[in-house]
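FYI, in our numbering the residues of the sequence shown are 1212 to 1848.
To start, the structure under review is shown below, and the notes come after it.
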Amino acid sequence: MSGIFGIFQRDGLPVALPTLAAMRAAMADWGSDGGNVWHDGSAGLGQTLFITTPEAQSERLPRVDASRGLAFTAAARVDNRRELISNLALDGRSSAISDGELVLQAYRRWGEDCVARIYGDWSFAAWRPVERKLFLARDHFGNTAFYYYADPHIFAFASTRQALLALNLTPIELDELYLAQLLISWPAYHGERTIHKPIRRLPPAHCLTVTPIRLAVRQYWRLEDTPTLQLRRREDYVEAFREVFDEAVRARLRAPDPDSGAAKKNKIAITLSGVLDSGSVTATAARELRKAGQGLTAFTSVPLFVTCSYVSRDFGDELPFARATAQFAGNVDLQLVTGVELTPIQAIRRFLRINQEPIHAAGNTYWLLELEQAAQLQGYRVLLTGQLGNAGISWKGDVFSQPLAFRLRHVSWRKWSKEKLKRIVPSDLLITYQRRRLEQQAWYRGSAIQPDFARRLRLLEQRLHDPNERTAHTSLEQRSFIMPGHSSNGALHAQIGAAHGLEVRDPTGDTRVLAFTFSVPDHVFIDPATGLDRWLIRAAMEDRLPDEVRLNRRRGRQAGDLVPRLRDCAAEVEAALVELECGPAAAYVDVAYMRDVWRLIQTRDTPEAYRKSITILTRGIMAGLFVNEFYGTAGIQ
């Protein structure tokens, strides 16, 4: 996807062109096909162009509309093009108008209210010089990124934080609470905050208005406000789901013709695992492409080592399921990614250079980076994925939405009683019980966090009093992690994709698909006759996925052979631990404890070794390496 950037001098000083040039240079990954810059007086806007649709060939942004007193830039892939073109009476230009131009026309017609009407992955900025007002917005739920910095003198924004860090606007302070939350898997760090304190995210479904004296963020769409859909038969939900899901996939299949000399025959690639979400996207995309005589290239990560010792009853090798999906579809070219180009430690280091921030799933970086690199090397520009299914298309359903007889038949009395008790116990009493239990268990040993660091922040106390960490009483609360502002996955995939010359598109995150799945009564997601969960997607894919995938109830484990991979690069693990021990990171991560975990990983072929390789060792190494680099760059000893 293309990127955008810009500056507004709130103090009235003129924008310096070299400043915009520095931002553009920092966004080189986001604009291999060109772009442009506009500036006038105290404002400047830019776009870095990356062509991922046929219509993008004609895009020329930023644009100035003198008659309306407006300067505008955007990075957009609009998925409801036909609807907008019709509503805007642009039918005569339908084949030529770019998506960025379409967003501009929507803004001209409906003003700031246009944001609720545009579906897809997009962000835009509109500057009105007479009012000295900058309006910015980000899509409902796409794989996009939007960062900003604000002080009384200047406001700067960009699709990537690298463009803001390049400006050296202020001393950058580490958000210690953000780092601690990441280490202990407390997802409160998602949303507006970043690990660089002065830099903020604009979450999905939010817009932002900036003037010389005011900065206001508002949410323009709430997934949880979706009304319940009441249909007569269970099967009616399946048909309705297929209609909206097929359209979401179809809308994401626009791609430019392959580059001349590219060693491929397909326009679209996809990441294919062994589970329902990516399998459903793959099956549906292949079905649509077959109508046009095209195929789909699927990249699947496969282990180098046997995984059964590490994943217990789950599966760590997704190849048998991915192969079954590809063969069932017929027009899917399955390609295997073994993850041999990067060791887990090399991948962590490279990922930090790309993302400028540690992430929760550090142990997954080796296969994720190599998979996108494989797609890039074959000349693809579009990569489909299915990352947001767990709370949407493949929501499992809440057993408490079923009649009591069903619950007692499919859930043990003890488990049911315990869950019921958690839902009725007063929150203060529950907090007291949880604090005592966690303190007795040395709770911090589930992560690499330095105990003194956790105590200094009063981390346990803060977490226990976070209302979002309370027991989820309803299906809506159980799915709250997917709400706009509760996850930064979209920004993460946009950033990784840009680094590999890819636009990552996710039909499972389509606004219309998510709204539909949230409108379905929760009891529909469980088959009352068999107790089978995720019933809606399983029923919808009956003729698209083989039963061994569609009806599989085992969980797939990514990076299932992480333990032996770490052993194979033992010298790199040791070197990383020495770096942490000798640097500022030692105040934030417990290197001695990480060494104990490393010794266990080197000698045990067990699920515990696998779990700790993810939650303690690799996550701790990524966080620690970031801290060392952060303070080294900042010149702080």
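All C-beta atoms, glycine included, are put in the ideal place defined by N, C-alpha and C.
Reduced DSSP secondary structure (H/G/I, E/B, other) of residue i
i: Met1833; result: helix
i: Ser1243; result: coil
i: Cys1418; result: strand
i: Gly1255; result: strand
i: Thr1817; result: coil
i: Leu1545; result: strand
i: Phe1335; result: strand
i: Ala1474; result: Per-residue confidence for Ala1474 stands at a pLDDT of 48, beneath the threshold of 50, marking its modelled position as unreliable; the derived number appears in the next sentence. Here Ala1474 sits in coil by DSSP.
i: Asp1801; result: coil
i: Asp1457; result: helix
i: Trp1321; result: helix
i: Phe1664; result: helix
i: Asp1276; result: strand
i: Leu1515; result: coil
i: Gln1430; result: strand
i: Phe1532; result: helix
i: Ala1751; result: helix
i: Ala1348; result: strand
i: Leu1301; result: coil
i: Trp1397; result: coil
i: Gly1771; result: coil
i: Leu1385; result: strand
i: Phe1539; result: helix
i: His1704; result: helix
Residues that DSSP places opposite residue i in a beta bridge
i: Lys1607; result: Beta-bridge pairing links Lys1607 to no other residue.
i: Glu1714; result: Val1593
i: Ser1658; result: DSSP, once it has assigned bridges, lists no residue as partnering Ser1658.
i: Phe1368; result: Gly1217, Tyr1359
i: Ile1406; result: Beta-bridge pairing links Ile1406 to no other residue.
i: Ala1480; result: Thr1508, Leu1594
i: Val1289; result: Gly1331
i: Ala1282; result: Val1275, Trp1338
i: His1697; result: Paired residues: none, contrary to the question.
i: Val1248; result: Gly1257
i: Arg1411; result: Tyr1359, Arg1404
Buried or exposed by the 16-neighbour rule on C-beta atoms within 10 Å, applied to residue i
i: Arg1465; result: buried
i: Gln1848; result: Annotation note: pLDDT 30 at Gln1848 (below 50); position unreliable, coordinate value reported separately. Gln1848 is exposed by the Cβ-count criterion.
i: Gly1767; result: buried
i: Glu1202; result: Shown here, the chain extends from 1212 to 1848; a query on residue 1202 therefore has no answer.
i: Ile1604; result: buried
i: Asn1159; result: The structure shown does not extend to residue 1159, since the chain spans only 1212 to 1848, so no value can be given for it.
i: Gln1584; result: buried
i: Gly1771; result: buried
i: Cys1519; result: exposed
i: Cys1325; result: buried
i: Ala1702; result: buried
i: Lys1823; result: buried
i: Pro1273; result: buried
i: Ala1337; result: buried
i: Asp1447; result: exposed
i: Gly1835; result: buried
i: Gly1472; result: Any reading at Gly1472 must be qualified, since the residue scores a pLDDT of 47, below 50, and its modelled position is unreliable; the value itself is stated next. Exposed, by the Cβ-count rule.
i: Arg1564; result: exposed
i: Asp1222; result: exposed
i: Thr1741; result: exposed
i: Val1784; result: buried
i: Glu1266; result: buried
i: Leu1632; result: exposed
i: Asp1721; result: buried
i: His1351; result: buried
i: Leu1231; result: buried
i: Ile1424; result: exposed
i: Leu1228; result: exposed
Cβ separation of residue i and residue j, assumed to be a contact under 8 Å, to the nearest whole Å
i: Ile1832; j: Ile1556; result: 7 Å
i: Ile1737; j: Val1610; result: 7 Å
i: Trp1578; j: Gly1550; result: 4 Å
i: Thr1264; j: Pro1467; result: 7 Å
i: Leu1594; j: Gly1485; result: That belief does not hold up - the Cβ atoms of Leu1594 and Gly1485 are roughly 18 Å apart, past 8 Å.
i: Ala1282; j: Leu1256; result: 6 Å
i: Tyr1821; j: Leu1773; result: 7 Å
i: Phe1216; j: Phe1366; result: Wrong, their Cβ atoms sit about 12 Å apart, outside the cutoff.
i: Ile1827; j: Val1808; result: 5 Å
Residue i Cβ short of 7 Å to the ligand MG heavy atom set
i: Tyr1591; result: This structure lacks the ligand MG, and indeed carries no ligand of any kind.
>> Runs of 3 residues minimum, wholly inside the stretch 1542-1588: which ones carry the beta strand (DSSP E) assignment?
In response: 1543-1548
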